[in-house]
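Notes follow the structure.
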Amino acid sequence: MNRRLFFEGQALHFVLLILLLGLLWLAALAEPVSQGSLWGVTTPVWLWVAVWSAVAHQVYVWFCWRAELHGRLFTRLFGRRAFFVYAVPFALIGLLRFAAVFFLAASNSGTLPLPPSALKILAAVLLPPFIYTAWSTARHFPIARALGADHFYEECRGAPLVMEGIFKYSPNAMYLYGFLILWSAALWRGSTAALAAAAFNHVYIWVHYYCTELPDMGRIYGRGSKTKKV
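The sequence shown begins at 1 in our numbering and counts up one residue at a time.
As structure tokens, then:
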């Protein structure tokens, strides 16, 4: 396996992650961020579960995509089950990543110093683009392709860009609008901590895009490719 290709973009990924974690740590020092608990678990614990599950998710994707793309590691180890072996942990960690922000919002509810009615209106405003993105993805996108099947199967690499639904207007809709559900959950609950976690998740997914996915798309589809599946 070519180490240079395996680690391409990851120095920047590491630097940006450290910066984001530092900013989040400073935000966590504010009193509203530490208030509350859920099921006996304090808000700071839920906050770091939300953060580290996001980090684990994106580091896992980087390792699996690069190991398969440049070394066929999963195919050599698991044969025809390679993609399934990758996809199951991807889905489970991704589910934890999103669920943790919802739990955090419940734990830290009512800590934003704004009228609850105004916060709920803002939360509702953010839902339509998320719902349209979810519908467009379910309607027009093969789930395997959304999970990165083009890193595993050469036959997936000839598929055209998806240009239906919301993807007609924004080829990066999954990253641009998909994470609005986390902002909506934080605003609906009026949670300062969940708002910080939503911001971290939304910024960090773009770190993944520019440091991991975009270089991979250049390798798979050619250097002119800037979007593929999100």
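Ideal Cβ placement from N, Cα and C applies to all residues, glycine included. Fair warning: this is a prediction, and the values are worked out from it, not measured in the lab.
Fill in: Spatial neighbours of residue 198 in its chain, beta-carbon cut-off 8 Å, leaving aside the 5 residues before and after
101, 179, 182, 183, 185, 186
Worksheet item: Under a Cβ-count criterion, where at least 16 other Cβ atoms within 10 Å of its own Cβ denotes burial, should residue 39 be classed as buried or exposed?
Response: Exposed is the call here.
Fill in: Short Cβ contact (9 Å threshold) for residue 91 with residue 152
no
Worksheet item: So, using beta-carbon positions, are residue 2 and residue 43 closer together than 9 Å?
Response: no
Worksheet item: Going along the chain, which unbroken runs of the beta strand (DSSP E) with 3 or more residues stay wholly within the segment 40–121?
Response: none
Worksheet item: Apart from the five residues just before and just after residue 132, which ones in its own chain have a Cβ nearer than 6 Å to its Cβ?
Response: 166
Worksheet entry | Inter-residue CB distance, residue 234 and residue 216 (contact presumed, cutoff 8 Å) | As displayed, the chain neither begins before 1 nor continues past 230, which places residue 234 out of reach and without an answer.
Worksheet item: Leaving out five residues before and five after residue 8 in sequence, what residues of the same chain have Cβ atoms less than 6 Å from its Cβ?
Response: Here the set comprises 215.
Worksheet item: Nearest-angstrom Cα distance between residue 129 and residue 174?
Response: 10 Å
Practice prompt. Express the C-alpha separation of residue 72 and residue 66 in angstroms, rounding to a whole number.
Written response: 9 Å
Discussion item. Tell me which residues share the same chain as residue 235 and place their Cβ nearer than 8 Å to its Cβ, disregarding the 5 neighbours each side in the sequence.
Written reply: Since the first residue of the chain shown is 1 and the last is 230, residue 235 is not available in this structure.
Practice prompt. Under the assumption that residue 33 contacts residue 47 (Cβ atoms under 8 Å), give the Cβ distance between them as a whole number of angstroms.
Written response: Between residue 47 and residue 33 the Cβ distance is about 7 Å, and since that is below 8 Å, they are a contact.
Worksheet item: Is the beta carbon of residue 208 sitting closer than 9 Å to the one on residue 52?
Response: no
Practice prompt. Work out the CA separation of residue 78 and residue 218 for me, nearest whole Å.
Written response: 26 Å
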